[in-house]
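Contents: one structure, followed by commentary.
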Amino acid sequence: MTQQRKAVALISGGLDSLLAAKVMLEQGIHVEGINFFTGFCVEGHTHAIRKQDKAKPKRNNALWVAEQLGIKLHIIDIVDEYKDVLLNPKHGYGANMNPCLDCKIFMVHKALEWAEAHGFDFIITGEVVGQRPMSQRKDTMPVVARESGAADRLLRPLCARNLSPTLPEREGWVDRERLYGFSGRNRKPQMALAKEFGFEDYASPAGGCCFLTDEAYSRKLVDLWQGRGAREYEMDDIMLLKVGRHIRPAPHYKLIVSREEGENNFLAGYRKLYTHIIITSHPGPLVLVDGEPGDADLELAARIAARYGKGRTAEKVTAEIHFTNGEVRTLEVAPLPPYEVKEEWMI
Ligand code: SF4
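Counting from 2, one number per residue, gives the positions in the sequence shown under the numbering used here.
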């Protein structure tokens, strides 16, 4: 009896990794999935917070994909190790703060370590040649295989026929003829294959899997580092960059202003960690203050907070400033008129 070979699949929650794993299952391979949690994953997080995204399913797409495939999924937290990948990418960044090539190398390397520790034979990904400008090019895909250490144990079932045969193909563990030769940014072949397999409700093919490819998010991340004078971050920092309006009236402090009830509730979870402002005389946003503001800064911050509340046209509003030591200061302030809100404050 031939031995059933085992593959570990990188599962992002998107269509490509779903299809790649399915192609292997169809060939009788035992597949288990790995999903790496970096803290920058888009997933259901912001959808779960904001009201305007209510229609979007609040689900963890990687778990959902595993359920569709009937495979085990291992979610692995790499938040701390990932910092070095993001802060010091050997191959640099993509269009924004996305270190895609280093990220892919790192994830495949981690998957290889896992595969070796658990007796798996090879690794699969949903990569397609020419689909992404940085990590999925004909010249960079071999770099991922080489620098991750996976070498020819890395199989990309969706585009394998455009690449040299890998170990699983040469050894006959998988049939190369039943792999695919997709290339480029056209998503139609993947959509057709999804239909063939009977998948209809997959995550949007155009949706990015990570906030680091997002221009606005990347700008806020760089601003965070500039504001602190150090390229470093904690989990809370990167979560807060996903939420609210970020305003920096001066280099030494910034404000995070909730835009709606869901964000208000989310930011409320951080009240003990940050000085925060609440407008008590009118409904308004919760505002977190990050940095080292002085008294005049806090007064301006309260006026900005008032500008985004229902009392924006009132002559005066009452604002409470809550400090992390428990002290509360009450101010009567005039909401800042729109023409005094400077464009360069907006991050
Ligand atoms: S988009 Fe994000 S998760 Fe995906 S390879 Fe690039 S940096 Fe990594």
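Glycine included, each C-beta is placed from N, C-alpha and C at the ideal position. Bear in mind that the values here come from a model prediction, so they are computed numbers and not experimental data.
- Assignment of His283 by DSSP, reduced to helix, strand and coil, places it in the coil class.
- Under the Cβ criterion (8 Å, minimum of three pairs), the stretch 86-103 does not count as touching the stretch 63-77.
- Across the structure, Val288 and Asn62 are spaced so that their CA atoms are roughly 31 Å apart.
- Runs of the alpha helix (DSSP H) lying entirely within the stretch 188-275 and spanning at least 4 residues, in chain order: 189-198, 216-229, 236-241 and 262-269.
- Scanning its chain for C-beta atoms nearer than 6 Å, with the 5 sequence neighbours on each side dropped, one finds around Arg6 the residues Ile30, Asp122 and Trp174, in chain order.
- Separation of the CB atoms of Leu332 and Glu300 is rounded to 6 Å, and the pair is thereby assigned contact status at 8 Å.
- With three or more CB-CB distances shorter than 8 Å, the stretch 139-147 counts as touching the stretch 105-119.
- For Glu33, the closest of Thr39, Glu27 and Lys73 by C-alpha to C-alpha distance is Lys73.
- Asn99 has its Cβ nearer than 7 Å to a heavy atom of the ligand SF4.
- Cβ-Cβ distances below 6 Å link Pro169 to Phe123, Leu156 and Val175 in the same chain, with the five nearest sequence neighbours on each side left out; the list follows chain order.
- Leu88 and Phe37 have their alpha carbons spaced roughly 18 Å apart.
- Excluding the 5 residues flanking it on each side, Ile239 has same chain C-beta neighbours closer than 6 Å at Gly40, in chain order.
- Judged by the Cβ position, Thr214 qualifies as a neighbour of the ligand SF4 at the 7 Å threshold, a heavy atom of the ligand being closer than this.
- Every alpha helix (DSSP H) of 4 residues or more that sits fully in the stretch 68-131 is shown, in chain order, as 80-88 and 101-119.
- For Val342, no beta strand (DSSP E) encloses it, and the DSSP letter there is neither H nor E.
- Leaving aside the five residues that flank Pro339 on each side, the residues in its chain whose CB is nearer than 8 Å to its CB run, in chain order, Arg308.
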